[in-house]
Ligand SMILES: *Cc1c(COP(=O)(O)O)cnc(C)c1O
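Numbering (the working numbering), first residue to last: 138 to 551.
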């Protein structure tokens with residue numbers, strides 16, 4: 138292996154690219170336990186490495202059809218149109234907000250973390266009048282506050298995040314979607330971190346637009362945003378007075394590419410290999426079983442929390458609202474939190490996340506997502522964290538104590 142590009146400075150890199158023999162990039166070996174991306178299984182990586190074919194090839198078109206059906210099953214949205222949008226999870230958010238909103242519309246956006254803030258920003262850019270329903274970071278969205286906002290003015294849309302990755306809090310979408318329906322508003326539900334990790338059920342909730350990302354609990358590489366839209370929301374999009382300002386995520390144009398059986402028109406070139414990866418990730422998920430996957434996330438979370446408890450660490454979010462797949466862990470007084478993350482990365486290759494916004498410096502974010510939700514990951518993470526704390530002279534409990542505490546929940550899963 139030649140020199141590692143990622144460890145070189147900008148000057149050295151320029152020098153390298155100036156020569157003929159530029160070396161391949163070899164990523165370091167990592168244990169991904171941050172807020173995403175999660176680890177990608179060998180079978181998904183291998184699926185993505187299969188030969189690229191034309192995006193209008195009949196074989197790719199049947200893959201598109203299977204992918205759409207798979208997403209309907211994942212979102213539990215048999216009547217929604219489901220497609221994977223090209224781009225990160227954020228493009229699902231953008232497609233939802235930009236297509237449903239027109240200048241002058243009223244949008245109620247519930248904000249209990251970073252991604253709610255992003256939704257409000259997008260609604261504003263779409264020209265909507267935005268009513269922000271603010272909630273303390275780390276708490277779920279309060280339906281009473283949302284109801285008050287919906288009463289205040291005729292809202293066209295209610296947007297909120299199911300699984301707030303910035304805080305680790307879960308909001309129950311069912312009552313919020315019911316409230317929106319009562320007030321004649323459409324719903325946009327961010328399921329980026331929830332899909333594949335906890336129950337997502339578009340039909341039961343009566344949610345109109347749902348979107349996700351491939352790199353969280355689906356454990357495919359980042360680059361696609363699974364997207365679902367109800368017939369009611371599609372009718373609203375089709376009746377727009379103005380065209381959305383963004384061309385790539387204009388749903389009417391997109392649906393002529395992903396929607397048309399047999400008669401697909403060129404819109405953009407689908408990221409062919411990324412679709413192979415998402416398809417394989419869904420095959421793996423359905424093989425294991427949707428319920429089994431959700432149970433595994435929960436068991437790994439419980440094992441992690443038990444181990445953290447043995448290390449004297451507590452979670453930021455109240456037990457009833459915790460996301461199994463994203464754990465915000467309170468940083469003990471006097472601990473250098475960045476040094477802990479660096480120690481875990483350098484000594485064990487374990488990546489965990491830092492806090493964001495008001496939780497910056499107050500929590501670590503430990504992801505237990507998809508292929509990273511295994512007993513091995515939990516054990517390595519606890520060991521690395523205990524060692525990092527010990528290096529700061531902070532640890533009273535032993536690594537063994539943490540592993541023993543976790544083992545009950547872990548041992549049921551291979
Ligand atoms: C990660 C995430 C996003 C954004 O996804 P990107 O792929 O980073 O664009 C949006 N919402 C939530 C809740 C997320 O966790």
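C-beta atoms are modelled at their ideal positions from N, C-alpha and C, and glycine is treated no differently.
Same chain, Cβ closer than 7 Å to residue i, neighbours up to 5 away in sequence not counted
| i | result |
| --- | --- |
| residue 539 | 444, 447, 448, 519 and 523 |
| residue 487 | 168, 170, 481, 517, 518 and 521 |
| residue 344 | 310, 314, 324 and 326 |
6 Å Cβ shell around residue i - same chain, five flanking residues per side excluded
| i | result |
| --- | --- |
| residue 439 | 546 |
| residue 181 | 357, 414, 417 and 418 |
| residue 174 | 352 and 359 |
| residue 275 | 304, 306, 453 and 454 |
| residue 512 | 547 and 550 |
| residue 346 | 233, 325, 366 and 370 |
| residue 296 | 246, 256 and 325 |
| residue 361 | 221, 351, 411 and 415 |
Cβ shell of residue i (< 8 Å), same chain only, five flanking positions each side left out
| i | result |
| --- | --- |
| residue 396 | 218 and 220 |
| residue 499 | 453, 467, 468 and 492 |
| residue 406 | 192 |
Per DSSP, cross-strand counterpart(s) of residue i
| i | result |
| --- | --- |
| residue 467 | 500 |
| residue 403 | For residue 403, which the question treats as bridged, DSSP gives no partner whatsoever. |
| residue 361 | 223 |
| residue 488 | 169 |
| residue 335 | 332 |
| residue 547 | None, per the DSSP bridge assignment. |
| residue 268 | 245 |
| residue 348 | 327 and 364 |
| residue 459 | 306 |
Rounded straight-line distance, which links the Cα of residue j to that of residue i
| i | j | result |
| --- | --- | --- |
| residue 473 | residue 527 | 12 Å |
| residue 408 | residue 363 | 13 Å |
| residue 192 | residue 411 | 12 Å |
| residue 271 | residue 246 | 9 Å |
| residue 509 | residue 384 | 36 Å |
| residue 283 | residue 530 | 46 Å |
| residue 166 | residue 478 | 16 Å |
| residue 190 | residue 490 | 37 Å |
| residue 403 | residue 201 | 14 Å |
| residue 198 | residue 423 | 21 Å |
| residue 292 | residue 426 | 38 Å |
| residue 161 | residue 421 | 30 Å |
| residue 227 | residue 437 | 27 Å |
| residue 461 | residue 494 | 21 Å |
| residue 286 | residue 501 | 33 Å |
Problem - the stretch 231–238 in contact with the stretch 204–211 per 3-pair CB rule at 8 Å - result: no
Problem - Meets three-Cβ-pair contact criterion under 8 Å: the stretch 157–168 and the stretch 368–381 - result: no
Exercise for the section: Flag this pair as touching only if the stretch 425–441 and the stretch 254–267 have three or more C-beta atom pairs under 8 Å; answer yes or no. Expected result: no
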